[in-house]
Every structure is written in C-alpha cells, then in structure tokens.
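The block underneath contains the structure these notes are about, expressed in structure tokens.
There are 2 protein chains.
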Amino acid sequence: MAGPTVTEDYLKAIWNAREWSDDPVTNSVLASRLGLSPSSVSELVRKLADRGLVTHARYGSVELTDEGRRVALATVRKHRLVETFLVDYLGYDWADVHDEAEVLEHAVSDTFIERLAEKLGHPTHDPHGDPIPTAAGDLPTVAQVPLAQVDEGAVVTVARVSDDDPDLLRHLREVGIDIGTTVTLAARRPAAGVVELTAGDQAVALGLPAAETILTEVAQP
Amino acid sequence: MAGPTVTEDYLKAIWNAREWSDDPVTNSVLASRLGLSPSSVSELVRKLADRGLVTHARYGSVELTDEGRRVALATVRKHRLVETFLVDYLGYDWADVHDEAEVLEHAVSDTFIERLAEKLGHPTHDPHGDPIPTAAGDLPTVAQVPLAQVDEGAVVTVARVSDDDPDLLRHLREVGIDIGTTVTLAARRPAAGVVELTAGDQAVALGLPAAETILTEVAQP
DNA sequence: CTATAGTTTTCGGCATGCCGAACTTCCCAG
DNA sequence: CTGGGAAGTTCGGCATGCCGAAAACTATAG
C-alpha cells in the first residue's frame, strides 16, 4: 500500500474545505488548497476514488465516503491533539504549531495519540479553538458567527481562529485577543474592508478576510 | 533537496553499524541492516557520496564524513529522546518504543526535540541505556562488556540493551532484568550457546546472540 | 598466474506523485 | 442554438527510490 501521507493530506484538505464553506469541492479548489497543480490533483483524486475513499463526478465535485471521512477525521484529531500538546506541554506559541503538526499528524500512531489525549486530559478543543474529533469520529457542532458578520454593538466571545496564518495569530496575541476573549464590535466599515472592535480597553481594526476566519459566540452574561 | 527520511535512515544505519562493531560497513552489510537489496543501497550510497555525506571506495567500505556524522547523530539524538519521552511521559513499555521512534525521528523538528529534551530534564540515556548525543553532537563513551563475555562469577550491572528486539526486551522485563539491575554470571556454557545468570533470586539463561547485545558495567560496590 | 567463487555495481524496469501542455467538457452569453 | 472561455482531464515526461538480472570486479585456491 502507498505511503499514507499523501492520502491523508488530500482527505484532510477535502474535509477542511467543507468545514469552512459549503461550496462544492472541485479539483481546482483542492489544488489551490494543497498548493499543487490541477492535473496532479485530478490524477490523485481518481486514485482515491478507486480506493473507495471519495466519490467524484467527472468534471464535478469531490465528496468523502464514510471511510474517507473516517480517515480525514482521524487525521484532524491527530493534528489538533498534537497542536494542543505543542502549546500545553512544550510551550510553543499558538502561531508556531501549525507546520509542525502538519508533519507530525502523519507520523504518530493511533496508540500514541490516544495516550497523548489521555495525558492532556481529553481536551475538546485545540489552542485555536478548533474542536477535536473524538476517537469515534464525533465532532460537536456549535453555532458560531464570523467576526466579520457580527452586528455593530454586539458583545461576543472569540471561540475559534484559523490556525494557518501565523502572522494573524501573532498579531492577535499582541493585541490581547485569545480564545475566550470578550470583544465588542465597535463598527463595521465595509467600504474600508474593516471591522473595528474593542478588546478590553484596546481598539483593534481587522481586515474583512481576517475577520472572516475568526468565529465568535454570544458572550456569556 | 530530497526528502530527508531516506538520507537519515542510511546515515543512521551506517553510524549504528559502526557503534556495534568495528567491521567495515559495506553496501551489503547496509542492505541487510536496512532490509533492502544491495543494488538499491549501491545506488543511494553513490548519491550520498555525491552530496558529501559519506565517502565510498568503489567495491569497498562506506564511511561517514563529518557532515554525514552530524546528520546521523542528530537523528540518533531524536530517536533516543523520542524513546525516552514515550516511556517516561506516555507510559510505553520499553519493548514497544522502537518502531514508533523510527518514524517520529524523521518528523520532529530541531525546535521540538530541544524543547522536549528540556522538559525531560536533558536525559543522558534512553530507556534501553543507549547514550543520547548532545545537541552539539557529543557522546560519552563508557567501558562496557557484553554479557556474553563476562567472566564466570562476576557481578555486573546491566547498562544497555539493544532496542531492536521487542521479544527479548519483553522477556527481560518478565525475568526482572532492567537497566541498572545487578546480575551475577553463574556459568558460561559455550557448547550449549548459553550463559546462565542470577538476577535477584531468579536464575536466567540467555542465548549467546542475545547476551552479546546486553552490555554491562562493573557493579557498583 | 590463472580460474573461479563471492561480492559489488550497472542496467533496465517499475511504482508513486508531481508538472506543463494539449485536449475535453461544461455552461452561459448572445 | 451556438460559440467560446473557463474548468477539468489526459498525456508525456521527470525525479525518487526500489528491485532482479547481468556484468564487472576482487580475492583466494590451486
């Protein structure tokens, strides 16, 4: 059997694409997410379909099969538990864990990851607020709203930040925004492509693309 | 640059071959250690030589260059620190860590391994008694004698056991032999291919090949 | 000084996974 | 309905790393 690294990367990319948007996942979407050419993706998706991990309508979209989703979620679980370990145990900054976890997720065994989960106290979320699938493949879903779409004047809690932009993560750390931080949406300025908020006593402006990757929940009273 | 996994495996195999014997390392020795065909090894050793990591006399033996040794020792350091982590933190049995470490050694970054070393308290030896090279590439050398060559009646301390035979490691655990255990060499029976010893109050017989992979030091008085 | 047995290298071939170029297919504008 | 441009696929080619078979080399016995 083939080395599973590539397989896991593709399945995870398909799953991640679906997690952040409901648009159908085409081969070119996948290609841009994976940083590969469309022709490469086309070929490998066909192989994944042959192995029963995805379905693929020619010239259409790619969907995970049950088995494909199982593999994808297992990989996501490994990724997020490793990120949690890097921050909680090894003291990494949350901006620096993504690339390391991207490699380690393919290298750790199931035994390793279950023992690690145990030692970490079976965390339900990683340092960026991403939910960690259980070993059985369950994933809690919570209603969350991108910061870019929060109403003016609303008070919300930051629940989740995409882990793949280290510069944004570092910036958020610098302005005091973390998971669980309560922020008030001071103003939306779509014309300027900016939302303004206050975190504690600090005023912060964020561009819309960044504000789209920050998910919030209604603040606890 | 090529994916480093194969490179690291070859360099580590060359280094390991030298650690346990002074015989010259030929391509066929390497092939059998790596579980590959001699032709594959011949080809890859040539590439390593082109990259300046080894020297290779045609039809002769392979030697690490300074740079090759640096890479090999860095990989050995990762392997042994990972094994220590698996036993000390994740609670693995010492028989089960080798294969997992064999994969992880290629996946962890330098940053990861230095933070891990710090958290583990900069251990000098892994769970099998193998010395851990420092980040600078230094390795303490201690006079050790294979159990197979200890004199009858001598009292010695088990200092080191090869990590690549899980069945032997499990057996040793069962008969109460660990790193630091004091044993007495009761009898050598070369004709039978066996050495007999007592560990605590238990009598243990070991075959010569196994006894050759167990290194001992003179027992502390 | 050979003959030859054993070791090492070379050679052709295979599998994986990637790419760019050329070719299909889709689908909407007109 | 049809013409094109965009999206997707196929094709030939490349790099890595592996193998078995055949050729080349070494070293030892006679």
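Protein chains in written order, with this note's numbering: chain A, 1 to 221; chain B, 1001 to 1221. Beta carbons: idealized from backbone N, C-alpha and C, even for Gly. The structure presented is a predicted model; accordingly, all values stated were derived computationally and were not measured.
Find the residues of chain B that neighbour residue 121 of chain A, judging by a C-beta separation of less than 8 Å, and give them in chain order. The residue labelled residue 121 of chain A in the question sits at position 121 within the first sequence. The contacting residues do not exist; residue 121 of chain A stays about 14 Å from chain B at best.
Within the same chain, show all residues whose beta-carbon is closer than 8 Å to that of residue 28 of chain A, passing over the 5 residues directly before and after it, in chain order. Reading the first sequence from its first residue, position 28 is the one you call residue 28 of chain A. Once the five neighbours on either side are set aside, the close Cβ partners of residue 28 of chain A are 38 and 41.
Label residue 1 of chain A either buried or exposed according to how many other C-beta atoms from any shown protein chain fall within 10 Å of its C-beta, with 16 as the threshold for buried. Stepping through the first sequence from its first residue, residue 1 of chain A is reached at position 1. Residue placement at residue 1 of chain A cannot be trusted, given a pLDDT of 38 that sits under 50; what the coordinates show is reported in the next sentence. Sixteen is the threshold: since fewer than 16 other Cβ atoms of the shown chains lie within 10 Å of the Cβ of residue 1 of chain A, the residue is exposed.
Between the region 1003-1013 of chain B and the region 198-206 of chain A, do three or more beta carbon pairs fall short of 8 Å? The region 1003-1013 of chain B is not in contact with the region 198-206 of chain A.
Contact with chain B by residue 109 of chain A, beta-carbon distance below 7 Å: The residue given as residue 109 of chain A occupies position 109 in the first sequence. Among the CB atoms of chain B, one or more fall inside 7 Å of the CB of residue 109 of chain A.
Interfacial residues, the region 1084-1101 of chain B to chain A, with Cβ spacing under 9 Å: 1086, 1089, 1090, 1091, 1092, 1096, 1099 and 1100
Nearest residue (CA-CA) to residue 1051 of chain B, options B:1203, B:1112, B:1066 and B:1151: Here residue 1051 of chain B refers to the residue found at position 51 when the second sequence is read from its first residue. Looking at the Cα atoms, B:1066 is the closest of the given residues.
For residue 213 of chain A, the three-state DSSP class (helix, strand or coil): On the first sequence, residue 213 of chain A is found 213 positions in, with the first residue counted as 1. In the structure shown, residue 213 of chain A sits in coil (DSSP, three-state: anything other than H, G, I, E or B).
Return no unless some Cβ of chain B is closer than 7 Å to the Cβ of residue 36 of chain A. Along the first sequence, read from residue 1 onward, the residue named residue 36 of chain A stands at position 36. Not an interface residue.
Can you find at least 3 beta carbon pairs, one from the region 94-110 of chain A and one from the region 52-71 of chain A, that sit closer than 8 Å? no
Please report the straight-line C-alpha distance between residue 49 of chain A and residue 64 of chain A, rounded to a whole angstrom. Position 49 of the first sequence, counted from the start, is the residue given in the question as residue 49 of chain A. Position 64 of the first sequence, counted from the start, is the residue given in the question as residue 64 of chain A. Between residue 49 of chain A and residue 64 of chain A, the C-alpha separation is close to 9 Å.
If you measure between the beta carbons of residue 177 of chain A and residue 129 of chain A, is that distance less than 7 Å? Numbered from 1 along the first sequence, position 177 holds the residue referred to as residue 177 of chain A. Numbered from 1 along the first sequence, position 129 holds the residue referred to as residue 129 of chain A. Not a contact, by the Cβ cut-off of 7 Å.
Name the residue from B:1124, B:1076 and B:1218 whose alpha carbon lies nearest to the alpha carbon of residue 1019 of chain B. Here residue 1019 of chain B refers to the residue found at position 19 of the second sequence. Residue 1019 of chain B has its Cα closest to that of B:1076, out of B:1124, B:1076 and B:1218.
Chain-ordered residues of the region 44-60 of chain A with a beta carbon less than 9 Å from chain B: So nothing in the stretch comes that close.
Cβ of residue 1169 of chain B less than 7 Å from any chain A Cβ? To locate residue 1169 of chain B, count along the second sequence from 1; it is residue 169. With 7 Å as the cut-off, residue 1169 of chain B does not count as an interface residue toward chain A.
Counting contacts by CB-CB distance shorter than 7 Å, is residue 1115 of chain B in contact with chain A? Counting from 1 along the second sequence, the entry for residue 1115 of chain B is found at position 115. At least one chain A Cβ lies under 7 Å of residue 1115 of chain B.
Buried or exposed: where does residue 167 of chain A fall if 16 or more other Cβ atoms within 10 Å of its Cβ makes it buried? As a position in the first sequence, residue 167 of chain A is number 167, starting the count at 1. Counting Cβ neighbours within 10 Å, residue 167 of chain A comes out exposed, since fewer than 16 surround it.
For residue 68 of chain A, count neighbouring C-beta atoms within 10 Å of its own C-beta (all shown protein chains included) and say buried if the count is 16 or more, exposed if not. Sequence index remark: in the first sequence, residue 68 of chain A carries index 68 (1-based). The Cβ neighbour count for residue 68 of chain A, taken over all protein chains shown within 10 Å, is at least 16; the residue is labelled buried.
What did DSSP end up calling residue 1202 of chain B once you bin it into helix, strand or coil? On the second sequence, residue 1202 of chain B is found 202 positions in, with the first residue counted as 1. Note: residue 1202 of chain B maps to strand in three-state DSSP.
Chain-ordered chain A contacts of residue 1103 of chain B [CB-CB under 7 Å]: Working through the second sequence from its first residue, we reach residue 1103 of chain B at position 103. Result: 107.
May I have a chain-ordered list of the alpha helix (DSSP H) segments no shorter than 4 residues that lie completely inside the region 24-87 of chain A? Those alpha helix (DSSP H) runs which fall completely within the region 24-87 of chain A and span 4+ residues are 27-34 and 38-50.
Does the structure place the region 1180-1189 of chain B close enough to the region 206-214 of chain A that three or more beta carbon pairs sit under 8 Å? no
Contact belief for residue 53 of chain A with residue 11 of chain A at Cβ below 8 Å, rounded distance in angstroms: Within the first sequence, the letter at position 53 stands for residue 53 of chain A. Within the first sequence, the letter at position 11 stands for residue 11 of chain A. Rounded, the Cβ-Cβ distance is 6 Å, consistent with contact.
Tell me whether residue 1011 of chain B sits in a helix, a strand or coil according to DSSP, three-state version. Locating residue 1011 of chain B in the second sequence gives position 11, where the first residue counts as 1. In the structure shown, residue 1011 of chain B sits in a helix (DSSP, three-state: H, G or I).
Expressed to the nearest angstrom, what Euclidean distance is found between the alpha-carbon atoms of residue 124 of chain A and residue 136 of chain A? Working through the first sequence from its first residue, we reach residue 124 of chain A at position 124. Working through the first sequence from its first residue, we reach residue 136 of chain A at position 136. Each residue's Cα considered, the two are about 13 Å apart.
For residue 98 of chain A, which three-state DSSP category applies? Residue mapping note: residue 98 of chain A aligns to position 98 of the first sequence, counting from 1. Three-state DSSP puts residue 98 of chain A in a helix.
CA-CA distance, residue 140 of chain A and residue 219 of chain A? Residue 140 of chain A sits at position 140 when you count from the first residue of the first sequence. Residue 219 of chain A sits at position 219 when you count from the first residue of the first sequence. Those two C-alpha atoms are separated by around 19 Å.
Where the beta strand (DSSP E) containing residue 1136 of chain B begins and where it ends: The residue you call residue 1136 of chain B lines up with position 136 of the second sequence. Counting along the chain, residue 1136 of chain B falls outside any beta strand (DSSP E), and DSSP gives it neither H nor E.
Among A:13, A:206 and A:121, the one whose alpha carbon lies nearest that of residue 192 of chain A: Here residue 192 of chain A refers to the residue found at position 192 of the first sequence. The shortest Cα separation from residue 192 of chain A among A:13, A:206 and A:121 belongs to A:206.
Report the CB separation of residue 1104 of chain B from residue 74 of chain A in whole angstroms; it is logged as a contact under 8 Å. For the purposes of this step, residue 1104 of chain B is taken as residue 104 along the second sequence, with counting starting at 1. For the purposes of this step, residue 74 of chain A is taken as residue 74 along the first sequence, with counting starting at 1. The pair is not a contact, with the Cβ atoms about 17 Å apart (cut-off 8 Å).
Based on the DSSP output, what are the partners of residue 1152 of chain B in its beta bridges? Residue numbering aside, residue 1152 of chain B sits at position 152 when the second sequence is read from its first letter. Residue 1152 of chain B is bridged by DSSP to nothing; it lacks a bridge partner.
Inter-residue spacing [alpha-carbon to alpha-carbon] between residue 14 of chain A and residue 1099 of chain B: As a working note, residue 14 of chain A is residue 14 in the first sequence. As a working note, residue 1099 of chain B is residue 99 in the second sequence. Their Cα atoms are separated by approximately 30 Å.
Checking 7 Å against the spacing of the C-beta atoms, do residue 1083 of chain B and residue 1127 of chain B come in under that value? Position 83 of the second sequence, counted from the start, is the residue given in the question as residue 1083 of chain B. Position 127 of the second sequence, counted from the start, is the residue given in the question as residue 1127 of chain B. The answer is yes: Cβ separation under 7 Å.
Quick one: Cα of residue 80 of chain A to Cα of residue 1046 of chain B, how far? Taking the first sequence and counting its residues from 1, the one referred to as residue 80 of chain A is at position 80. Taking the second sequence and counting its residues from 1, the one referred to as residue 1046 of chain B is at position 46. Each residue's CA atom was taken as its position, placing residue 80 of chain A and residue 1046 of chain B some 40 Å apart.
N-terminal and C-terminal residue of the alpha helix (DSSP H) that residue 117 of chain A is part of: To locate residue 117 of chain A, count along the first sequence from 1; it is residue 117. It spans 110-119 - the alpha helix (DSSP H) in which residue 117 of chain A sits, taken as one unbroken run.
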